[in-house]
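2 protein chains.
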Amino acid sequence: MAAAKVGDEELLARIGDVFRRYGYEGASLRELSAASGLEKASLYHRFPGGKEEMALAIVARAGEWLEANVFAPLRDLPAAQRVPRAAGKLREFYRNGELWCTLDVLTLSGSSDAIRAAVRGSYQAWVGAFARAAREAGLPAPEARARAQQAIIEIEGSLVISRVTGDPKIFLRVLQSLPARLTRV
Amino acid sequence: MAAAKVGDEELLARIGDVFRRYGYEGASLRELSAASGLEKASLYHRFPGGKEEMALAIVARAGEWLEANVFAPLRDLPAAQRVPRAAGKLREFYRNGELWCTLDVLTLSGSSDAIRAAVRGSYQAWVGAFARAAREAGLPAPEARARAQQAIIEIEGSLVISRVTGDPKIFLRVLQSLPARLTRV
DNA sequence: GTCTATAGCTTGATAGAC
DNA sequence: GTCTATCAAGCTATAGAC
Numbered sequence: 007m008a009a010a011k012v013g014d015e016e017l018l019a020r021i022g023d024v025f026r027r028y029g030y031e032g033a034s035l036r037e038l039s040a041a042s043g044l045e046k047a048s049l050y051h052r053f054p055g056g057k058e059e060m061a062l063a064i065v066a067r068a069g070e071w072l073e074a075n076v077f078a079p080l081r082d083l084p085a086a087q088r089v090p091r092a093a094g095k096l097r098e099f100y101r102n103g104e105l106w107c108t109l110d111v112l113t114l115s116g117s118s119d120a121i122r123a124a125v126r127g128s129y130q131a132w133v134g135a136f137a138r139a140a141r142e143a144g145l146p147a148p149e150a151r152a153r154a155q156q157a158i159i160e161i162e163g164s165l166v167i168s169r170v171t172g173d174p175k176i177f178l179r180v181l182q183s184l185p186a187r188l189t190r191v
Numbered sequence: 007m008a009a010a011k012v013g014d015e016e017l018l019a020r021i022g023d024v025f026r027r028y029g030y031e032g033a034s035l036r037e038l039s040a041a042s043g044l045e046k047a048s049l050y051h052r053f054p055g056g057k058e059e060m061a062l063a064i065v066a067r068a069g070e071w072l073e074a075n076v077f078a079p080l081r082d083l084p085a086a087q088r089v090p091r092a093a094g095k096l097r098e099f100y101r102n103g104e105l106w107c108t109l110d111v112l113t114l115s116g117s118s119d120a121i122r123a124a125v126r127g128s129y130q131a132w133v134g135a136f137a138r139a140a141r142e143a144g145l146p147a148p149e150a151r152a153r154a155q156q157a158i159i160e161i162e163g164s165l166v167i168s169r170v171t172g173d174p175k176i177f178l179r180v181l182q183s184l185p186a187r188l189t190r191v
């Protein structure tokens, strides 16, 4: 088979940026093509299911990235480093608050049930990982789960407000509070 | 002039629902027409500036509604009733968490600078009203402002997570915590 | 003020050459 | 695997009758 002009990893990253800036309806194939450097027909060769398959792929990719870079360290690192490392990687994932979340931008009416189901799965994995970290920091299970959910609420909300105000510091401040939110007994 | 088939108030409410469910790009004139009961040409008679003018109008209308129903009571009611009343009206505004926020859905790339500027204005009025209430509850000004911003972050975030999970209780729980968040010294 | 009809463009998606 | 060319359908917006 002929060499791909752009690797799968790079391709997913580029179209992911478009979806996360424009939302599902707003992410046109023209934008996706421009951002990826591939013509529309080439995108269809990589994603025969079209735009929906692209969106599902970037949700899956985001899930893998978070698992490797955020959730795994949250399990495996020495306790004191866990949440600070997770916060640092989330900062990277959201580009200092200048790139938004699939939970937010892919769940408006207009995206398919399959996409919303995939996004819901991402959220559940995220809550699970945060709750586990909170439990292992000594919090009782129900409290740990509540803390996890609350932390994600604040991350999502701060991304929205950073977008509205154009001020990423609002998001960054929430990230800084993450260790206290998740582990302080 | 001939009688309008649907009043301005009702019209703005109906197209507002569409924008808040679908976002700016997703809110097609077909949906707006179906929801309003007016043909597309009639919508253009009411809003010569087209879809952008509709979005600006619903942002302005939301601002007026919040001023009358949330911000004014927050100034004028007896202190003990202020935040509970505001929370109740916010619950109404967001239809128990089943309708989302213009701050969120109208600010993705793809909506115009004018829309984003209008939405930013809404946010500033909201922070101002919450901060004033917090000050009048006895909190120092910087702390009051931080509390106001934090409360809005949690409302926006919980709307996102309620949408993702399909569970409005997440939003309702945040609203219940509003009095403590905004006024507890 | 609302309607039907339509213009002109953009969209998501496909066919087929290289 | 990528491309140019093309399609039908959807989009926003307008013209003009009633």
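Order-wise, the sequence lines are chains A and B.
Residues in the first sequence are numbered from 7 upward in steps of one, following our numbering.
Residues in the second sequence are numbered from 7 upward in steps of one, following our numbering.
C-beta atoms are modelled at their ideal positions from N, C-alpha and C, and glycine is treated no differently.
Fair warning: this is a prediction, and the values are worked out from it, not measured in the lab.
Within-8 Å CB hit, residue i to chain B
i        : result
A/Leu178 : no
A/Leu109 : yes
A/Val65  : no
A/Ile158 : yes
A/Val170 : yes
A/Arg52  : no
A/Arg153 : no
A/Glu149 : no
A/Tyr28  : yes
A/Ser164 : yes
A/Tyr129 : yes
Residue-chain proximity (residue i, chain A), Cβ-Cβ < 8 Å
i        : result
B/Gly22  : no
B/Asp14  : no
B/Val125 : yes
B/Gln114 : Checking the displayed sequence, the identity of residue 114 of chain B turns out to be Leu instead of Gln. Interface residue, yes.
B/Ile121 : no
B/Glu31  : yes
Per-residue DSSP class, three states only, for residue i
i        : result
A/Ser39  : helix
B/Ser118 : coil
A/Ser192 : This structure gives no information on residue 192 of chain A, because the portion of chain A shown stretches from 7 to 191.
B/Ser34  : coil
A/Phe77  : helix
A/Arg26  : helix
B/Thr108 : helix
B/Val191 : coil
B/Lys95  : helix
A/Glu45  : coil
B/Val65  : helix
A/Lys11  : coil
B/Asp173 : coil
A/Leu18  : helix
B/Phe136 : helix
A/Tyr50  : helix
B/Leu165 : helix
B/Leu83  : coil
B/Gly56  : helix
Inter-residue CB distance, residue i and residue j (contact presumed, cutoff 8 Å)
i        : j        : result
A/Leu114 : B/Gly29  : 5 Å
A/Ser128 : A/Ala33  : Their Cβ separation, rounded to whole angstroms, is 18 Å, which puts A/Ser128 and A/Ala33 out of contact at 8 Å.
B/Leu188 : B/Ala143 : 7 Å
B/Asp23  : B/Leu105 : 6 Å
B/Ala124 : B/Leu62  : 6 Å
B/Val133 : B/Ile161 : In fact, because the Cβ distance is near 12 Å, the residues do not count as touching under 8 Å.
A/Ile64  : B/Ile167 : With a Cβ gap of about 20 Å, A/Ile64 and B/Ile167 do not count as contacting.
A/Glu31  : B/Glu31  : 4 Å
A/Phe53  : A/Leu112 : Their Cβ separation, rounded to whole angstroms, is 15 Å, which puts A/Phe53 and A/Leu112 out of contact at 8 Å.
A/Leu184 : A/Ala93  : 5 Å
A/Arg122 : B/Thr171 : A/Arg122 to B/Thr171, Cβ: 10 Å. No contact.
A/Glu58  : A/Ser118 : 6 Å
Proximal residues to residue i (C-beta, below 7 Å), its chain only, five neighbours per side dropped
i        : result
A/Ser42  : Val12, Leu17, Arg20, Ile21, Leu49
B/Arg153 : Ala140, Leu145, Arg187, Leu188
B/Gln155 : Val133
A/Arg169 : Trp106
Near the ligand PLP: residue i beta-carbon under 7 Å from a heavy atom
i       : result
A/Glu73 : With respect to the ligand PLP, the structure shown offers nothing to examine, as it has no ligands at all.
Contacts around residue i, its chain only, beta-carbon distance under 6 Å, and the 5 residues preceding and following it disregarded
i        : result
B/Asn75  : Lys95
B/Phe77  : Ala135
A/Leu35  : Lys46
B/Ala150 : Ala137, Ala140, Arg141
B/Ala120 : none
Same chain only: Cβ atoms within 8 Å of residue i, ignoring 5 sequence neighbours per side
i        : result
A/Leu178 : Arg97, Asn102, Gly103
A/Cys1   : What the structure shows of chain A is the stretch from 7 to 191, and residue 1 of chain A is not part of that stretch, so it cannot be assessed.
A/Asp110 : Glu162, Leu165, Val166
A/Gln182 : Ala93
A/Ala147 : Ala137, Arg141
Evaluate the contact criterion for the stretch 85-96 of chain B versus the stretch 137-145 of chain B: three or more CB pairs, one atom per stretch, below 8 Å.
Output reads yes: the stretch 137-145 of chain B touches the stretch 85-96 of chain B.
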